[in-house]
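Written out below as structure tokens is the structure these notes cover.
So this is what it looks like as structure tokens:
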């Protein structure tokens, strides 16, 4: 197996599982877990449509991420039970932020990267075992037809 750049890995994963946002990194000792909370636009510029057939513009995602961190900042389990951890890292990557950081435009998608410290032992075990292998965000919005779509 040849070495791959981060960009190549992300592009390959997007082709394999275009709708999953998998846990990308974890730290067993500190119960830390990191990954994409949401990706709105792929590296190639394609808008992502999720399992519920919804899409979110990067600007709206950025606004929602800031509100979440400012007002909640906690982790929940399966949209049912809150307080199982806390946000320790959050950044929404936009084209502008990536450029400011010197990240080439074909490396990162436009999306929300997040990290949590999980304080609930049972939930941490489910993350370690792979039972919980991706993030899912929850929110309220007004549904609007996508540009260029019918209906």
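In my numbering, the protein residues as written are 453 to 603.
Using N, Cα and C, we set each Cβ at its ideal position, and we do this for glycine too.
For clarity, every value in this text was computed on a predicted model and none was experimentally measured.
Asked, Found
"Three-state class that DSSP yields for residue 583 in the structure shown", "coil"
"Proximity of residue 522 and residue 542 at Cβ, strictly below 8 Å", "no"
"Cβ pair residue 491, residue 536 closer than 8 Å", "no"
"Endpoints, beta strand (DSSP E) assigned at residue 484", "484-493"
"Which of helix, strand or coil DSSP assigns to residue 571", "coil"
"Same chain, Cβ closer than 7 Å to residue 459, five either side skipped, listed in chain order", "Since pLDDT at residue 459 reaches only 47, below the 50 mark, its modelled position is unreliable, and the value read off the structure follows with that caveat. So the list reads 495, 558 and 559, once near-sequence residues are dropped."
"Simplified DSSP state of residue 565, which is helix, strand or coil", "strand"
"Uninterrupted alpha helix (DSSP H) stretches inside the segment 520-555 (no shorter than 4 residues)", "547-552"
"Rounded straight-line distance, which links the Cα of residue 568 to that of residue 525", "9 Å"
"CB contact flag (residue 484, residue 540, <8 Å)", "yes"
"Inter-residue Cα distance where the pair is residue 500 and residue 564", "13 Å"
"Whether residue 544 touches residue 519 by CB criterion (8 Å)", "no"
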